[in-house]
Amino acid sequence: MNWYNEIPSSTPLAQGDILFSCSIYKPKFVSINKENIEESEVELDLYRQNVVILSQACDLEQGKLNEILVASVYDIQTLPIRIKKDATKEEIINQRWSTVKEILSDKRPNFYIMGKHDSENQKLHTTYLIVDFSTLFTIPLTVLDVIREIHGPRLQLNVPHRELLNQKYAGFISRIGIPKNDSLNEDEIKALIKGI
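Under UniProt numbering, the residues of the sequence shown are numbered 1 to 196, in order.
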């Protein structure tokens, strides 16, 4: 099954759309006034990031959103991982493969791997992509619409991959550490059942 559709820039934004080299504006404090935070000096850093839209499809379709939630997307070969400075090429490959195996076995819930896409349009040709749910941004819809028009055709996740992306994101943000339930007495419960 094909993971993506190639859609023209005229198509409205939707959940599962991938925007390559999207403009991200990130505030950076130059100076902080702790008594009055509004008087702090802030600069905006601009950088480019591949992103996938996470905002709910129905909210996008009905025009209910002014800000669109996106997650960072990395090529599987450029996924940022912690590697010691003097690591050999083999150690880097082994660490990257170890990380990918953990993602595939759901041991890294903040990541989701998406399939590759072969395209005659070199801008849309991709290898496997990894979504990082721990690196999120909100982008004003007006800005994202301009980016959509400028960038031309884009990839959009097909069903059921779009729903799986949404489910993986929901699982990531709803995870909690649940303590082992030691307060229940199994012997007492078993005795009650036997007494029925």
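For every residue, glycine included, the Cβ atom is placed at its ideal position computed from N, Cα and C. Model, not experiment: these values are computed from the prediction.
TODO: Spell out the partners DSSP gives F29 in its beta bridges.
DONE: Its beta-bridge partners are V42.
Task: Status (buried if at least 16 other CB within 10 Å, exposed otherwise) for F111 - done: buried
- [ ] For D145, collect the residues of the same chain with a Cβ closer than 8 Å to its Cβ; drop the 5 residues on either side in sequence, then sort them by chain order.
- [x] L13
- [ ] Count the other C-beta atoms from every protein chain shown that fall within 10 angstroms of the C-beta of R148, then say buried if there are 16 or more, exposed otherwise.
- [x] buried
TODO: Identify whether A170 lies in helix, strand or coil by the three-state DSSP scheme.
DONE: helix
Open item on the list: Once DSSP output is grouped into helix, strand and coil, what is the label at S23?
Closed with: strand
Open item on the list: According to DSSP, is I147 part of a helix, a strand, or is it coil?
Closed with: helix
- [ ] Pick helix, strand or coil for I113, following the three-state DSSP scheme.
- [x] Taken through DSSP and simplified to helix, strand or coil, I113 comes out as strand.
Task: V159 in three-state terms, based on DSSP - done: coil
TODO: Below 6 Å CB to CB, which residues in the same chain sit around L136 once its five sequence neighbours on both sides are set aside?
DONE: A71
Open item on the list: Considering just the uninterrupted stretch of the alpha helix (DSSP H) at L104, what are its terminal residues?
Closed with: From DSSP, the alpha helix (DSSP H) with L104 extends over 89-104.
Task: Alpha carbon of I130 to alpha carbon of E90, nearest angstrom - done: Roughly 21 Å separates the two Cα atoms.
Open item on the list: Using CA atoms only, rank isn't needed, just tell me which of I68, K64, W97 is closest to T78.
Closed with: W97
- [ ] Using the Cα positions of T11 and Q49, report the straight-line distance between them to the nearest angstrom.
- [x] T11 and Q49 have their C-alpha atoms some 21 Å from each other.
Task: Rounded straight-line distance, which links the Cα of I103 to that of P153 - done: Using only the alpha carbons, I get a separation of about 29 Å.
Open item on the list: Between which residues of its own chain and S23 is the CB-CB distance below 7 Å, once the five residues before and five after are set aside?
Closed with: Only L46, R48, I147 meet the Cβ criterion.
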